[in-house]
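What follows is one structure encoded as structure tokens, with my remarks underneath.
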Amino acid sequence: MAHLYESRKRILVTGGAGFIGSHLIDRLLRDGHEVLCVDNLFTGSKQNIDHLHGEPRFEFVRHDVTLPLYVEVDEIYNLACPASPVHYQYDPLQTIKTSVQGAINMLGLAKRLRCRILQASTSEVYGDPTIHPQTESYWGNVNPIGVRSCYDEGKRCAETLFFDYHRQYAVEVKVARIFNTYGPGMHLSDGRVVSNFIVQALRGEPITIYGDGTQTRSFCYVDDLVNGLVCLMESSTDLLGPVNLGNPAEFTIRQLAQFVLDETRSSSPILTQPLPQDDPKQRRPDIALATAKLSWTPRVSLREGLKPTIAYFRSLMQPLVLVTSRGYGAHHMAGLKASAYPAGGQV
Ligand code: NAD
Ligand code: UDP
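In the working numbering, the protein residues as written are 3 to 349.
Rendered as structure tokens:
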């Protein structure tokens, strides 16, 4: 058993009750680690981690990362931050504080503990990109005063803090730039495009395409993304990032709507609505760096990944059916009410 204890780490996941965080926690527990989940439950929910109740290697602390945190851990994944435009624009000041003050607090913790820390950054640091696909060397095209800026500039400042803590205090940092990720475990009222379209299709309501639907995104299935995060965390000390993590297959939003209609066999009509301010026109990650340094490439195509995601949302709409699509444990988010959600959402 000695080898088990030597390789077992105590890992802090901030934002662990959210969509990606809860999948990451399942993976870390499967790998034999202990996990401390810290979350203020703004967009995350206890239902996301309910299946871990009674698991001796798991602990949950309700805490806001804008406040200092004193815990003892071997590694930190910093994911705390609302990620859907609807939710990060609900309280923009709290969003920017979460990214900036949250990063300062978590980096301070990593500095004291001399432990490795990974930041969940975002493709939003590229803004509305003028080069395509986006490489890590591109500095971006971000509006500093628009409605998306609380998120985009907050995440950009967090990246700066990560690199300054590395240069000034030799903190071992890793920065992942995550591109649009989807899968089971998203909130019914998440408000992002994949979940909106699926929920609308399943309810027979109009599919809301913002703008003319020619804008593009590249969608990564959550299991692939979590693999990438773990590979980056475990990579050699000299790889700080930023590293793009996403699926390079690019689709227009109109194509996504058609896929969802096909897969759900729904006859929902399409309804066009105004394009929100500063909505990026095109987005596709160049993942050459992740492939070369981490031997990582996503495996799940959009068509494949939509199937379990649709099955998951279908089961949410039938509250008595237990959702079993999660790898670790079972009944995830069953029966969650949209009304429990702070910002209401758009679905
Ligand atoms: P999510 O909203 O489901 O999860 C975010 C979690 O952070 C939630 O559980 C929320 O309650 C928690 N949180 C928010 N503010 C907090 C605070 N002040 N203190 C403590 N906890 C707080 O979103 P997600 O999709 O799981 O995103 C996770 C991370 O990945 C975020 O940092 C996001 O910016 C990043 N990211 C996600 C995507 C994506 O497509 N899903 C893309 C790029 C980056
Ligand atoms: N979008 C849409 N209908 C919706 C939600 C989103 O057409 O119901 C569009 C949105 O305008 C954007 C794209 O889908 O062009 C992706 O939006 P999302 O909120 O998922 O994430 P973003 O990549 O913009 O942060």
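Ideal Cβ positions, reconstructed from N, Cα and C, are used throughout, including at glycine.
Residue i: first and last residue of the uninterrupted beta strand (DSSP E) it sits in
| i | result |
| --- | --- |
| F62 | 60-64 |
| R1 | Past the edges of the chain, shown from 3 to 349, lies residue 1, and the structure says nothing about it. |
| I272 | 272-275 |
| V40 | 36-41 |
| E252 | 252-254 |
| E77 | 77-80 |
Distance between residue j and residue i (C-alpha atoms, nearest Å)
| i | j | result |
| --- | --- | --- |
| G104 | S269 | 44 Å |
| I272 | G248 | 27 Å |
| P287 | E236 | 21 Å |
| D214 | K48 | 37 Å |
| V15 | R114 | 17 Å |
| V325 | Q170 | Residue confidence is low: V325 scores 45 on pLDDT, short of 50, so the model does not pin down where it sits. No coordinate-derived value is stated. |
| R256 | E138 | 27 Å |
| A259 | V75 | 43 Å |
| M3 | R32 | For M3, the predicted model reports a pLDDT of 48, less than 50, meaning its position is unreliable; a value from the coordinates is still stated below. Cα-Cα distance, rounded: 16 Å. |
| R118 | H35 | 15 Å |
| P146 | H55 | 42 Å |
| G346 | S238 | Confidence at G346 is low in this model, with a pLDDT of 30, below 50, so the placement of that residue should be treated as unreliable; the coordinate-derived value is given next. So the two alpha carbons sit approximately 42 Å from each other. |
| I133 | P84 | 26 Å |
| A251 | T183 | 12 Å |
| R194 | T97 | 17 Å |
| D280 | D192 | 20 Å |
| C222 | V302 | 8 Å |
| V177 | P244 | 5 Å |
| D52 | Y79 | 20 Å |
| Y167 | L241 | 15 Å |
| P282 | S9 | 42 Å |
| N143 | P58 | 46 Å |
| R179 | E155 | 14 Å |
| K295 | Y212 | 37 Å |
Limits of the alpha helix (DSSP H) - the one that residue i falls within
| i | result |
| --- | --- |
| N107 | 94-115 |
| V177 | Run containing V177: none in the alpha helix (DSSP H); it sits in the beta strand (DSSP E), 175-180. |
| Y167 | 151-171 |
| V245 | Per DSSP, V245 belongs to no alpha helix (DSSP H); it is in the beta strand (DSSP E), 245-247. |
| V88 | 87-90 |
Residue i Cβ short of 8 Å to ligand 1 heavy atom set
| i | result |
| --- | --- |
| L38 | no |
| E252 | no |
| S86 | yes |
| A292 | no |
| H53 | no |
| D192 | yes |
| Y72 | no |
| M188 | yes |
| C83 | yes |
| Y223 | no |
| K176 | no |
| A122 | yes |
| F181 | yes |
| D28 | no |
| L43 | yes |
Simplified DSSP state of residue i, which is helix, strand or coil
| i | result |
| --- | --- |
| L204 | helix |
| I22 | helix |
| P2 | Beyond the ends of the chain as shown, which are 3 and 349, falls residue 2; an answer cannot be given. |
| T216 | coil |
| S327 | Its pLDDT being 43, under 50, S327 is placed unreliably in this model, and the value from its coordinates should be taken loosely. S327 falls in the coil class under three-state DSSP. |
| E126 | helix |
| Y223 | strand |
| T311 | helix |
| E265 | helix |
| T293 | helix |
| C233 | helix |
| D28 | helix |
| N198 | helix |
| E57 | coil |
| R305 | helix |
| N143 | strand |
| R316 | helix |
| L120 | strand |
beta-carbon residue i near ligand 2 non-hydrogen atom, thresh 8 Å
| i | result |
| --- | --- |
| L69 | no |
| G213 | yes |
| E126 | yes |
| L111 | no |
| L247 | no |
| T210 | yes |
| Q136 | no |
| P278 | yes |
| R285 | yes |
| V196 | yes |
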